[in-house]
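Under the numbering used here, think of the first position of the sequence shown as 6, with each following residue one higher.
Just so you know, even glycine gets a beta-carbon here, dropped at the ideal spot from N, CA and C.
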Amino acid sequence: MTLNCVAIDDDNLALTLLKKYCGKIPSLNMTATFSNPMDGLAHLKHNQPDILFLDIDMPGMSGISIAQKATEKSEIIFTTAYRDYAFEGFQLNAADYLLKPIEFDQFFQAINKARDRIAIEKIKQESFKNDDFIIIKVDYKNVKIRLSQILFIEALDNYIKIHTAKKTYVTLQNLKGIGEILSPQNFLRIHKSYIVSLSRIDFFTKEHVHIQSHQIPIGRTFSKKALALMTK
6 MTLNCVAIDD
16 DNLALTLLKK
26 YCGKIPSLNM
36 TATFSNPMDG
46 LAHLKHNQPD
56 ILFLDIDMPG
66 MSGISIAQKA
76 TEKSEIIFTT
86 AYRDYAFEGF
96 QLNAADYLLK
106 PIEFDQFFQA
116 INKARDRIAI
126 EKIKQESFKN
136 DDFIIIKVDY
146 KNVKIRLSQI
156 LFIEALDNYI
166 KIHTAKKTYV
176 TLQNLKGIGE
186 ILSPQNFLRI
196 HKSYIVSLSR
206 IDFFTKEHVH
216 IQSHQIPIGR
226 TFSKKALALM
236 TK
């Protein structure tokens, strides 16, 4: 996957270096560079790069201000000669922060961070393009639950507990039954008592899956298949 990049920096030498580094990585395409921050911002109004390199301290408009106005679809990598600006950069959820003079190894690591974030976001979007839902019966009511909101599903004897980002629902159903109507591309049974949403997994070990504050066990009989699918 080719990632389009744009760089905005009032230092032309820095722009030349970023362009040179991008040229060393075949999957990167530096589509535009700007030494004037206002020109760069005007370009961003009509273009959405995958990765946006921003110097923080520029005359006329700071990189922080540009980041606040830029599209959320761009992964931002701040570049600056001043270490004091790092905290401001991370407050804006930047992919990374590079201190000048920038070494290629640091640049490469920052690109990998941005690439990982882009890949994760793409998976989330493709998993639930239509924001499909299921309907369950809760206290004599038919309740519609968006699949994209489900964190995991837990078995409780003849009932199941559906944990979502905001609420938990209990309904008369078994785990096998609910598992048959859920897409195997999006949901995975990891234990006799648990089905998890693949896009909601924060991290996992050989023994557990972690989703937000929940630690969910991986059953021995499910372990091999579950770990293979999660590490794809």
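Please give me, in chain order, every unbroken run of the alpha helix (DSSP H) with length at least 4 that falls completely inside the stretch 45 to 99.
68 to 74 and 91 to 96
Sequence ranges, alpha helix (DSSP H) only - wholly within the stretch 101 to 163, length at least 4:
109 to 132
Alpha helix (DSSP H) containing A37: first to last residue?
The count along the sequence shown starts at 1 and reaches residue 37 at position 32. Unbroken run through A37 is the beta strand (DSSP E), L33 to F39; no alpha helix (DSSP H).
Can you say whether D144 is buried or exposed, counting buried as having 16 or more other CB atoms within 10 angstroms of its CB?
In the sequence shown, residue 144 corresponds to position 139, counting from 1. Under this definition D144 is an exposed residue.
Can you check the stretch 168 to 206 for any beta strand (DSSP E) of at least 3 residues that lies completely inside it and give the ranges in chain order?
173 to 177, 192 to 196 and 199 to 202
Could you please give me the residues that DSSP links to I221 through a beta bridge?
As a working note, residue 221 is residue 216 in the sequence shown. According to DSSP, which records beta bridges pairwise, I221 is partnered with V214.
Can you round the beta-carbon distance between K78 and A100 to whole angstroms, since I take them to be within the 8 angstroms contact cut?
On the sequence shown, residue 78 is found 73 positions in, with the first residue counted as 1. On the sequence shown, residue 100 is found 95 positions in, with the first residue counted as 1. Actually they do not touch by this definition, with Cβ atoms about 12 angstroms apart.
What's the gap between the Cα of F227 and the Cα of I183?
Position 222 of the sequence shown, counted from the start, is the residue given in the question as residue 227. Position 178 of the sequence shown, counted from the start, is the residue given in the question as residue 183. As the crow flies, the alpha-carbon of F227 is around 17 angstroms from that of I183.
I264 - containing beta strand (DSSP E), residue span
Outside the displayed range of the chain (6 to 237) lies residue 264, so it cannot be described from this structure.
Would you kindly work out how many angstroms separate the C-alpha atoms of N191 and F113, rounded to a whole number?
In the sequence shown, counting from the first residue as 1, residue 191 sits at position 186. In the sequence shown, counting from the first residue as 1, residue 113 sits at position 108. If you take the alpha carbons of N191 and F113, they lie about 31 angstroms apart.
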